[in-house]
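This report refers to the structure that appears directly beneath it.
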Amino acid sequence: MIEALIVSHGQPLDPEAGEKQLAAIADKVGALLPNWDIRSATLAAPDRLEETLEGFSGVPYVFPMFMADGWFTKTALPERLAGRSVHQLSPLGVHPGLPHKTFKYLKSVAAARNWTFNSCEVMIAAHGSSTSSAAAECALYFAKRIRCLTPFKKKIHTGFLAQRPFLHEVARVSTPRTLLLPFLAGSGPHLTEDIPEELEKGRFLGVLLPAIGEADFVPNLIAHALKSAELRSLAA
1 MIEALIVSHG QPLDPEAGEK QLAAIADKVG ALLPNWDIRS ATLAAPDRLE
51 ETLEGFSGVP YVFPMFMADG WFTKTALPER LAGRSVHQLS PLGVHPGLPH
101 KTFKYLKSVA AARNWTFNSC EVMIAAHGSS TSSAAAECAL YFAKRIRCLT
151 PFKKKIHTGF LAQRPFLHEV ARVSTPRTLL LPFLAGSGPH LTEDIPEELE
201 KGRFLGVLLP AIGEADFVPN LIAHALKSAE LRSLAA
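In terms of the numbering used here, the sequence shown is numbered consecutively and its last residue is 236.
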């Protein structure tokens, strides 16, 4: 049995809600990978990560359900792993297949509303950081990749919660056919409170979509990343 752990930040104000959300994703990934033991744990739930790791018998693959390859993946998560032998993968936000899958998803959203994709604008809502550039760099690179896939290389506006340009500033240039995609791993206060407040402040006119981490294609991306990591290990 091949072992893997999906880790996210979770919801500090409601740890169990974050655990439940991540467990649902882990179940979907597990259904795609027979003979794998797929588990999940959030950093926000006290001791959950450590307890889950203790249940493994081998060297598990760890998939970080984070949007940036920054402090959480390079410092916070390794500290919690406490020297445990694992295969840590790159996070969701930098998965090479994420932009293309997202582009197809955005096209399907437009089609479901009977809009031509060319008539739509795309905005990205991201967290950002006041102390590190990593979060913003990952979001902006993601937006750049999306732009390269769009017809006529249309500009993708990106607004942040923790740094400029703030989301409310970017929201002011929205149209009724603006598709706003939260570059977040899942739902939580950022999605249900912070982003709506910013959009109201900026008089946003468009459509707020679910967090990209909740998209139907994400379990497939995670499964592909885990399987690829296993194949690399076998070839090494």
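Think of the CB as a built atom: it goes at the ideal place given N, C-alpha and C, for glycine as much as any other residue.
- According to DSSP, residue pairing for D37 in a beta bridge involves E3.
- In the DSSP assignment, A44 falls outside any alpha helix (DSSP H), carrying neither H nor E.
- Close CB contacts of L179 within its chain, under the 8 Å cut and outside five residues either way in sequence, are with L106, V109, A110, C120, E121, V122, M123, G206, V207, L209 (chain order).
- In the structure shown, V29 adopts helical secondary structure according to DSSP, grouped into three states.
- Between the beta-carbon of F103 and that of L149 there is about 4 Å, and that keeps the pair under the 8 Å contact cut.
- Comparing alpha-carbon positions, the option among R164, A44, M1, P15 lying closest to Y61 turns out to be M1.
- In the three-state reduction of the DSSP assignment, V218 falls in the helix class.
- P78 sits in a helix when the DSSP states are folded into three classes.
- Along the region 171-213, the alpha helix (DSSP H) occurs as fully enclosed runs of 4 or more residues at 195-201, listed in sequence order.
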